[in-house]
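Residue numbering for the sequence shown follows the numbering used here, beginning at 437 and increasing consecutively.
Glycine is no exception: its CB is placed at the ideal position from the N, C-alpha and C atoms.
Heads up: the structure comes next, in C-alpha cells.
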Amino acid sequence: MKIIMLGAPGAGKGTQAKKIADQYEIPHISTGDIFRANIKNGTELGMEAKKYMDQGLLVPDELTVKILLDRVAKEDCRNGYVLDGFPRTIPQAEVLDKALKERGDAIDYAVDVDVPDENIVKRMSGRRACLSCGATYHMEYIPPKKDGVCDRCGNVLTLRDDDKEEIVLKRLKAYHEQTQPLIQFYKEKDVLRTVDGTKPMQEVFDSIVAVLSR
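In C-alpha cells, the structure reads:
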C-alpha cells in the first residue's frame, strides 16, 4: 500500500501519516528525513543534494525523486510506505509518477486531510512551545496549568515564528497556489481519498482506515 499524504500546513497530515505507518506496519517517509540521512551517511545522492542546500537552493525535483526512489527500494518498503511532504507541486508529482511507472509501480492512494483555512489559523496560532524541554501546548485544546509556563520544566512558553498568524496565512497562500492542485491531479488518477480533518484526531484516523479499506 503506497500512500501520499495531502493537506494544508497544520491539517495534521504528519500525525496521521505516523498512525497509518504504525497501523499497516509500513515506513513513514518524509523527504526532510531522507535528505538528512543521506547527508549524514555521506551517500553520493546526499552529497549532491547538500550542494544545493548549502547555497540555500531547493533540491531539484529529479534529484529529490532519485533520493526518494532509493529509499522506497529498501526492503522495509516491500509492503508499501507513506509519503509525507512530497510531492508538493504538479511538476514534482509528474516526475514521481513517471519514475514509478518506469519501475512498473504507482501510488495506490492520495489521502487529503481537508481542513478549512480558518480552522488551521486557529489551530496554529494557538500553539505554544517550550524551547527548553520541547513540550508543546495549545491555548484552547491542551493549555498549560499556568498561563505561559511549561508544566514540565517551568520555563516560559513561546509562540514559534511559523505559528504566527501572518506567517500561517502566507504558508496557506503558498499551499493553495502550489500544492492544492495535486488534489485534482490525483482525483483524475482515481486514487484520491478525502477525509474531514476538523474532527478529533482518532476520528480522522478511523475515517482514513475506512477509505483505505474500500
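Rounded C-beta distance between residue i and residue j? I'm assuming under 8 Å.
{"i": "D548", "j": "G443", "result": "6 Å"}
{"i": "R650", "j": "D599", "result": "Contact flag wrong, Cβ pair sits at about 35 Å."}
{"i": "D541", "j": "M441", "result": "The Cβ separation is near 18 Å, so there is no contact."}
{"i": "Y611", "j": "P445", "result": "6 Å"}
In whole angstroms, what is the alpha-carbon distance linking residue i and residue j?
{"i": "A473", "j": "G482", "result": "8 Å"}
{"i": "P493", "j": "E511", "result": "With the sequence shown as reference, residue 493 is identified as Leu, and Pro is not the correct amino acid for it. Answer to the nearest angstrom: the Cα atoms are 31 Å apart."}
{"i": "N477", "j": "I503", "result": "13 Å"}
{"i": "L618", "j": "I526", "result": "6 Å"}
{"i": "D553", "j": "C566", "result": "26 Å"}
{"i": "Y460", "j": "V508", "result": "16 Å"}
{"i": "D533", "j": "E624", "result": "13 Å"}
{"i": "S466", "j": "R607", "result": "19 Å"}
{"i": "N555", "j": "E601", "result": "12 Å"}
{"i": "I470", "j": "V501", "result": "11 Å"}
{"i": "K537", "j": "G570", "result": "41 Å"}
{"i": "D506", "j": "G633", "result": "31 Å"}
{"i": "K558", "j": "R588", "result": "24 Å"}
{"i": "T594", "j": "K582", "result": "14 Å"}
{"i": "Y577", "j": "A535", "result": "42 Å"}
{"i": "I543", "j": "R514", "result": "13 Å"}
{"i": "A485", "j": "Q491", "result": "10 Å"}
{"i": "M489", "j": "R539", "result": "28 Å"}
{"i": "V495", "j": "K487", "result": "9 Å"}
{"i": "T479", "j": "M575", "result": "43 Å"}
{"i": "G627", "j": "G584", "result": "The sequence shown places Val at residue 627, not Gly. Rounded to the nearest angstrom, the two C-alpha atoms are 44 Å apart."}
Cβ atoms of residue j and residue i: under 8 Å apart, would you say?
{"i": "V592", "j": "M560", "result": "no"}
{"i": "Y545", "j": "R629", "result": "yes"}
{"i": "E498", "j": "V531", "result": "yes"}
{"i": "I462", "j": "G516", "result": "yes"}
{"i": "R524", "j": "Q616", "result": "no"}
{"i": "G448", "j": "V640", "result": "yes"}
{"i": "C586", "j": "P580", "result": "yes"}
In its own chain, which residues sit with a C-beta less than 6 Å from the C-beta of residue i, not counting the 5 before and 5 after it?
{"i": "V518", "result": "I439, A453, I456, A457, H464"}
{"i": "S643", "result": "V631"}
Kindly list the residues whose CB is nearer than 8 Å to the CB of residue i, restricted to its own chain and excluding five residues on each side of it in sequence; keep chain order.
{"i": "K635", "result": "S643"}
{"i": "S568", "result": "C586, C589, N591"}
{"i": "M437", "result": "Y460, I462, N515, G516, D544, Y545, L648"}
{"i": "K609", "result": "none"}
Just to confirm my understanding: we take residue i, look at its own chain, exclude 5 residues before and 5 after, and list those with CB closer than 7 Å. What are they?
{"i": "A529", "result": "P523, L618, F621"}
{"i": "T451", "result": "M637"}
{"i": "V645", "result": "Q459"}
In chain order, each beta strand (DSSP E) run of at least 3 residues that lies wholly inside the region 453-517 = 464-466
Which ranges does the alpha helix (DSSP H) cover as unbroken runs of at least 4 residues, wholly within the region 538-582, from first to last along the chain?
-> For the region 538-582, whole alpha helix (DSSP H) runs of length 4 or above, ordered along the chain, are 553-561.
Hey, which unbroken runs of the beta strand (DSSP E) at 3 residues or more fall wholly within the region 589-625?
-> none
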